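Following: one structure in structure tokens, then a few remarks.
Number of protein chains: 2
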Amino acid sequence: MDQNTDDVRRKRPLERDLDAMDRKLLGVLVEDATTSYVELGERVGLSPPAAHERVKRLRRSGAIRRVAALIDPEAVGKTLLAFVHVDTTGWGKTQALLAIEEYPEVEEIHSVAGDTCMLLKVRTENTHALEGLLARLYDTPGVKATRSYVVLSTYLERPVQPATTSDWPAVVKD
Amino acid sequence: MDQNTDDVRRKRPLERDLDAMDRKLLGVLVEDATTSYVELGERVGLSPPAAHERVKRLRRSGAIRRVAALIDPEAVGKTLLAFVHVDTTGWGKTQALLAIEEYPEVEEIHSVAGDTCMLLKVRTENTHALEGLLARLYDTPGVKATRSYVVLSTYLERPVQPATTSDWPAVVKD
DNA sequence: TCTTGCTGCTGAATTTCATTCTGTAAACAT
DNA sequence: ATGTTTACAGAATGAAATTCAGCAGCAAGA
Numbered sequence: 027m028d029q030n031t032d033d034v035r036r037k038r039p040l041e042r043d044l045d046a047m048d049r050k051l052l053g054v055l056v057e058d059a060t061t062s063y064v065e066l067g068e069r070v071g072l073s074p075p076a077a078h079e080r081v082k083r084l085r086r087s088g089a090i091r092r093v094a095a096l097i098d099p100e101a102v103g104k105t106l107l108a109f110v111h112v113d114t115t116g117w118g119k120t121q122a123l124l125a126i127e128e129y130p131e132v133e134e135i136h137s138v139a140g141d142t143c144m145l146l147k148v149r150t151e152n153t154h155a156l157e158g159l160l161a162r163l164y165d166t167p168g169v170k171a172t173r174s175y176v177v178l179s180t181y182l183e184r185p186v187q188p189a190t191t192s193d194w195p196a197v198v199k200d
Numbered sequence: 027m028d029q030n031t032d033d034v035r036r037k038r039p040l041e042r043d044l045d046a047m048d049r050k051l052l053g054v055l056v057e058d059a060t061t062s063y064v065e066l067g068e069r070v071g072l073s074p075p076a077a078h079e080r081v082k083r084l085r086r087s088g089a090i091r092r093v094a095a096l097i098d099p100e101a102v103g104k105t106l107l108a109f110v111h112v113d114t115t116g117w118g119k120t121q122a123l124l125a126i127e128e129y130p131e132v133e134e135i136h137s138v139a140g141d142t143c144m145l146l147k148v149r150t151e152n153t154h155a156l157e158g159l160l161a162r163l164y165d166t167p168g169v170k171a172t173r174s175y176v177v178l179s180t181y182l183e184r185p186v187q188p189a190t191t192s193d194w195p196a197v198v199k200d
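Going line by line, the protein sequences match chains A and B.
Residues in the first sequence are numbered consecutively from 27, following the numbering used here.
Residues in the second sequence are numbered consecutively from 27, following the numbering used here.
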């Protein structure tokens, strides 16, 4: 709750970097954020309040951005996934960007180094809806050209993981 | 979806498609899955147990795959994001695929229509680590060539949304 | 039309769990 | 050494999830 201010000594817990324990906690919560603090404590070797305290800090520090329900695209009719490269007339926060952000089909917008400026990840109900989106993209001021890759099937899809190296143990649910 | 079985009357709740209420619930939970059932009920116009019941069904049916903590890549040292196109010697579930799945830097693997077979979304600590990954990819049996796009900045990143059309109201937190 | 069975809801009751509080041990700097 | 801070455990509290009857609406069938 300290969202202050002018304190000089800046070694506050909010900004301390993550230790092994934090990464263990993240490792569990990335897989299942409904884990109770009792179980969470058991998994990482901490009492429930201690685990709670650390998780609270992880949330406040922004390491945990939010906890979200991950929903199956198929279940909500988003059958088609595609990546769209977009050539724009300018770089960075262009006029085109603002428009593209408004399209609900667009899940991600990245500025990339390479032969195109932006890369979009988009999901639509079907090819027809994708065509509609592409048409709108072409009509968007600042957009020069697009090139799209339709995804045939997805083999792996996992969110951001807490560790590159596997320095925390495998998940053994009792 | 009916990979069943011998029951004839297949209109069971588990497989019923989502109605407007379900989508409202998903809409809230996608944004914040820590929402209490009391608040959830208020938002969508349902009693807490009713909301609970529907959410439970959404989980069981697989519409909600899981609830996860979304973590900030920067916080865990994943500074660099890149998309890598990979040319493989075969299509579909190739030998290369199995190897690539094991690389922890790889977040997504898609099979795409276009001039390359697969598209990877990868996250590493820095360019050096990306180079290491690319080197490993080249050495992977079945991989012919790669082409990578390094992400300069990400402007939008939102998970799968429940609705294409905005048929459920804006979030007004009282 | 009147059952019978089913689905989805409400409101109350219960139980589990998150959260707070208090004290303590270790680490650190003075 | 000595005050100061940090992180933790264990108990106490509060709030929330979850369960448990009833009840209304609705469809299929007599």
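All C-beta atoms, glycine included, are put in the ideal place defined by N, C-alpha and C.
No experiment lies behind these values; they were computed from the predicted model shown.
Query	Result
Per-residue contacts from G140/A into chain B (C-beta, under 7 Å)	Y175
Minimum C-alpha distance to E151/B - residue among G140/A, V186/A, A171/A	V186/A
Three or more C-beta pairs below 8 Å linking the segment 117 to 137 of chain B and the segment 67 to 84 of chain B	no
Validate contact between the segment 166 to 173 of chain A and the segment 109 to 116 of chain A using beta carbons, cut 8 Å, 3 pairs	yes
Within-8 Å CB hit, H78/A to chain B	no
Closer than 8 Å to chain B by CB, T60/A	yes
is_contact[S73/B, chain A] using C-beta, thresh 8 Å	no
Residue-level contact to chain B via CB, L44/A, 8 Å cutoff	yes
Bridge partner(s) assigned by DSSP for D92/A	Note on identity: in this sequence residue 92/A is Arg, with Asp being the wrong assignment. In the DSSP output, where bridge partners are listed per residue, R92/A has L96/B.
Test: G158/A CB closer than 8 Å to a CB of chain B	no
Of the listed residues H154/A, L159/A, C143/A, R173/A, nearest to E203/A (C-alpha basis)	With chain A covering 27 to 200 only, the question about residue 203/A has no answer from this structure.
Residues near V2/B in its chain [Cβ-Cβ closer than 8 Å; skip 5 each side]	One cannot answer for residue 2/B here, as it falls past the ends of chain B, which runs 27 to 200.
Interface flag, D165/B vs chain A, CB-CB below 8 Å	no
Test: G88/A CB closer than 8 Å to a CB of chain B	yes
Among V176/A, E128/A, E65/A, H111/A, nearest to R184/B - alpha-carbon criterion	E128/A
Cα-Cα separation between H154/B and F109/B, rounded to whole angstroms	15 Å
Reduced DSSP category for K50/B - H, G, I as helix; E, B as strand; rest coil	helix
Where the alpha helix (DSSP H) containing V186/A begins and where it ends	No alpha helix (DSSP H) holds V186/A; DSSP gives it neither H nor E.
Spatial distance of L156/A from A76/B (CA atoms)	36 Å
Reference R173/A; option with closest CA among E79/A, E131/A, D165/A, L145/A	L145/A
Environment of V64/A [buried if 16+ CB atoms lie within 10 Å]	exposed
Selected residue, minimal CA-CA separation from S179/A, among Y181/B, L123/B, E79/B	L123/B
Sequence-distant residues of the same chain with beta carbon closer than 8 Å to D193/B, five excluded per side	Only weak support is given to the placement of D193/B: the predicted model assigns it a pLDDT of 42, under 50, and the question is left unresolved by the model.
Spatially closest choice to A95/A from P99/B, R85/B, A101/B, K104/B, by CA coordinates	R85/B
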